[in-house]
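In the working numbering, the protein residues as written are 736 to 1170. All C-beta atoms in this analysis are idealised placements derived from N, C-alpha and C, irrespective of residue type, glycine included. Notes follow the structure.
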Amino acid sequence: MMTKTKLADLQQSALAATSAAREIAEKADADPSTWSEQVRADYDAEMKKGRDLLEQIKVAKRDLEIIDEAKALAAEIGEPAVGDLDAQGQRPVRERMKSLGFQVVESPEYKAMLKPFGDRTIPEKTRIQSDPIGIKGLFVGGSDTSAGAFVVPEQTGIVEMLGRKELTIRDLVSVRRTSSDTVEYVAQTSHTNAAAVVPEATSSAAPTAPGSAGALILNANGGYKPEGAWAFERKTAVVKTIAEWVPATKRALADVKALEDLINDELRRDVAEAEEGQILGGDGTGENFTGILNWSGVQTQAYVTDVFTSLRKAVTKARTVGRVNPTAIVMNPADAEGIDLTKDANGRYYYGGPFAIDALRVWRLPVVESETQPAGTALLGDFNKAVIWDREQTTVTMTDSHADFFIRNMVAILAEERLAFAVTRPSAFVTVALA
């Protein structure tokens, strides 16, 4: 490999050659045409030597420039590249880094082509041709013996995780806040509507005539207002915790900063997926919520004729029994696909097919897809009648105090949320069989 010391030696040799040529010229006659053959030969030899050394000096300078560029790049890369250019067991930097043009003019084939002309200029209209020039060690980015030796993989911190199902149910239900671990709410259990037209009073005396079963005749003497009947029940929703933790090394968190954010996001999504599963399908055992599908009092609609007829009858039940205007129909994607692909007798899509602009609606209700909803069954209703009370929104904490993590340089990363859930009016929902 070329060094600055070798370059200096070449420069001194070149200066010595040019000085020798100058001394020969000074000692000889001032007119070169009168020089003897020996003087001419000595002068030409020194000048040729000087020119050859000049070419070597030019090459040496280019080598040093390449080396400096490589070292500068290595300095940016950092250890172990900084002191490793000569110790990598690779070819010299000049051989790895020199350009295609430089390799051509340095090749034996190129020099052989020019040899007949010596130091003379190639005459015009002279046809020349070299033998095929084989290029060895071409500057190749993918090879670790060429430019690839200086390629360091970039760690962007972006990791492609496995896909996740879309979460949609929390956006449908009511979400409220609580600062307690227990939420009490009052639900009406019965309602007697006794409202009626009341005639004007004809006497100030209270009615005394007995009615059926000993009840007073309300309209005796007129003006008596009928009494309705409402019954209520106090109910309780208990705040519960949904949580998950994963282990990680401190080195992983320190070396890949994005890993911390990645874990935070993934843990939050895991908790959110568990939450949706509890809202829809929690079975109420142990610490599980009782989900809408398993809540006592939710109406059911059997399959009748076809999917559309069944859904329409469920709308009627929600309105006439649940006394609500339904807000959405939740379906498994497989069932929603079946509706999207439904065609008439002429093969035309009922819902606009692949070019439909509006979101899918059935009986004017939006269809919301959720993989958490069991296939073959739809859930229709007023989702405002299902309530989440957030006690503590999702938080992420880290500690090394778990088990022997402290002495193993590990941390436990924990995500958790605390919330209560209840269906405040079960009859507002109808589960619909789709087959």
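Within its own chain, the residues whose Cβ lies closer than 8 Å to the Cβ of Ser915, once the five positions on either side in sequence are excluded, are Val974 and Arg1126, listed in chain order. Taking a contact to require three or more Cβ pairs closer than 8 Å, the segment 1008–1025 and the segment 1096–1110 qualify as touching.
Contact annotation: Thr913 and Ala1155 have beta-carbon atoms nearer than 8 Å. DSSP lists Ala972 as the bridge partner or partners of Val918. Contiguous beta strand (DSSP E) elements confined to the segment 1033–1100 occur at 1034–1036 and 1063–1066, taking only those with 3 or more residues. Between the alpha carbons of Arg1047 and Ala987 lies a gap of roughly 55 Å. Where Ala1113 is concerned, the enclosing beta strand (DSSP E) starts and stops at Thr1112 to Gly1116.
Residue pairing from DSSP places Ser925 in a beta bridge opposite Ala966.
Relative to the Cα of Asp866, the nearest Cα in the group Glu844, Pro851 and Gly853 belongs to Glu844. Counting along the chain, the unbroken alpha helix (DSSP H) around Leu849 starts and ends at Pro843 to Leu849.
Counting the other CB atoms within 10 Å of its CB gives Pro1089 a total below 16, which places it among the exposed residues.
For Leu907, the secondary structure class from DSSP, reduced to helix, strand or coil, is coil.
Of the candidates Ser768, Pro1101 and Lys1120, the residue whose Cα lies closest to the Cα of Trp1030 is Lys1120. With the rule of 3 Cβ pairs closer than 8 Å, the segment 790–799 does not count as touching the segment 754–765. When DSSP reads this structure, Ile1148 sits in a beta bridge with Val981 and Met1133.
For Ala922 against Thr1159, the beta-carbon gap comes to about 6 Å, under 8 Å, which counts as contact. With 16 or more neighbouring CB atoms inside 10 Å of its own CB, Pro1061 falls in the buried class.
The criterion of a C-beta distance shorter than 8 Å is not satisfied by Ala1157 and Phe1118. By the criterion of a C-beta distance shorter than 7 Å, Lys741 is surrounded in its chain by Ala795, once the five residues flanking it on both sides are discounted.
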